[in-house]
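In what follows, a single structure is set out as structure tokens and then discussed.
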Amino acid sequence: MLDLDQMRTFVAIAETGSFTRAAEAVHKTQSAVSMQMRRLEERIGKPIFVRNGRQSRLTDEGERLLSYARRLLKLNDETLSAFDDTELVGGVRLGTPDDYADRFLPEILARFSRSYPRAEVTVVCAPTPLLADAIRLHELDVAIVTHVPDRRPLLGEVVRREPLLWVTSARHCVHDEATLPLALGRPTCDWRGAAISALEAVGRRHKVLFASWNSTAVGAAVLAGLAVSVLPESAIRPGMRVLSEAEGFPRLPMCEIALAKSWYEHSPLVDALVEHIVSSLDNLAVPEVAMG
């Protein structure tokens with residue numbers, strides 16, 4: 000028989016990319032996690048991990064096992080939920096900027112759905128200022144937003160901090176142009192304000208060529224080699240390269256990600272979603288990025 004607890008730990012390692020982060024996610028010591036994986040490999044009869052420094056990646060056999068493990072855990076959770084009279088049901092409204100949605104939502108929604116398969120999550124993608132208005136008007140229950148330290152009062156609780164970085168195409172040299180072309184958010188975007196202020200402080204000529212609330216559109220301009228932009232570390236995509244201070248790009252402020260809840264009404268379902276969001280952001284692995 001396969002051990003479902005081992006399977007849950009195995010999936011946590013695959014999702015976080017690290018035995019250490021997985022241990023935190025499943026509330027075990029790192030040595031206990033390592034022992035579980037040794038026993039799982041013995042039971043399967045094949046190696047399922049390859050260590051690369053502090054990171055762990057799946058072997059081909061590990062990738063095969065991952066699909067089965069997720070299905071087994073999903074069926075286990077659904078079975079327990081079917082006989083749980085206290086299961087949370089209903090709807091919850093979640094807001095997030097689209098650049099956070101691409102990076103954060105897959106893990107958040109997957110975890111929440113496994114725990115509460117009968118709950119309905121409505122997702123609204125919009126810029127932080129619009130999400131803040133929606134929270135105040137009780138049009139959303141919870142929102143993942145960008146917090147700016149100079150903004151008072153604080154919109155929600157800061158749950159994650161990341162560097163805000165200059166990014167360019169890994170295949171083009173648009174960042175070397177005398178007048179730097181930029182792809183940024185709309186004029187009220189805080190990241191846009193930080194980027195322009197930083198360039199003006201060092202006397203770097205620039206012009207905004209592309210402006211959009213949509214992160215996909217901004218990213219497309221960067222990947223096409225048309226402009227430089229600024230992104231938090233976790234939002235950097237393959238094909239982008241980080242520009243350094245040595246290349247003339249000044250340090251930017253940290254990106255603070257906050258969680259805002261509606262004051263109007265609190266429910267166990269909203270609290271459960273908040274717990275899943277915080278847990279997912281705590282255990283989120285940052286992708287490897289090319290540096291200048």
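In terms of numbering that gives the first Met the number 0, the sequence shown has 129 at position 130, counting the first letter as 1, and numbering is strictly consecutive.
From the three backbone atoms N, C-alpha and C, an ideal C-beta is built for every residue, glycine too.
Under the 8 Å Cβ criterion, the segment 3–15 counts as touching the segment 56–67, having at least three qualifying pairs. Out of 258, 96, 245, 2, the CA that lies nearest to the CA of residue 140 is found in 258. Within its own chain, the residues whose Cβ lies closer than 6 Å to the Cβ of residue 92, once the five positions on either side in sequence are excluded, are 121, 139, 140, listed in chain order. Every unbroken stretch of the alpha helix (DSSP H) spanning 4 or more residues and falling wholly within the segment 174–231 is given here in chain order: 189–200, 214–222. DSSP places residue 248 outside any beta strand (DSSP E), giving it a letter other than H or E. In the DSSP annotation of this structure, residue 37 is not part of any beta strand (DSSP E); the continuous alpha helix (DSSP H) holding it starts and ends at 29–43. Of 0, 229, 50, the smallest CA-CA separation from residue 16 is found for 50.
Bounds of the beta strand (DSSP E) holding residue 168 are 156–168. Look at residue 12 here: in three-state DSSP terms it is helix. By the 16-neighbour rule on beta-carbons within 10 angstroms, residue 35 is buried. Taking one beta carbon from each stretch, the segment 182–202 and the segment 219–237 have 3 or more pairs nearer than 8 Å; the two touch. Spanning the alpha carbons of residue 235 and residue 278 requires a straight line of approximately 21 Å. Distance from the CA atom of residue 134 to the CA atom of residue 261, rounded to whole angstroms, is 5 Å. Residue 178 and residue 128 have their C-alpha atoms spaced approximately 30 Å apart. Contact between residue 271 and residue 217 fails: their C-beta atoms lie close to 33 Å from each other, not under 8 Å. If you look at residue 278, you'll find it in the alpha helix (DSSP H) that goes 267–281. Pairing residue 89 with residue 119 gives a Cβ-Cβ distance under 9 Å.
When only Cα atoms are considered, residue 48 and residue 59 end up about 9 Å apart. Less than 9 Å divides the Cβ of residue 73 from the Cβ of residue 113. About 11 Å separates the CB atoms of residue 21 and residue 31; that is not less than 8 Å, and the two are not in contact. Under a 10 Å Cβ-count criterion, residue 201 is classified as exposed, with fewer than 16 other Cβ atoms of the shown protein chains found around its own Cβ.
Counting only the Cα atoms, residue 117 lies some 24 Å from residue 102. About 7 Å separates the beta carbons of residue 161 and residue 253, which is inside the 8 Å limit, making them a contact pair.
In this structure, residue 203 and residue 247 form a Cβ contact; the two beta carbons are roughly 7 Å apart against a cut-off of 8 Å. A check of alpha carbon separations from residue 275 across 108, 237, 97, 131 identifies 108 as the nearest.
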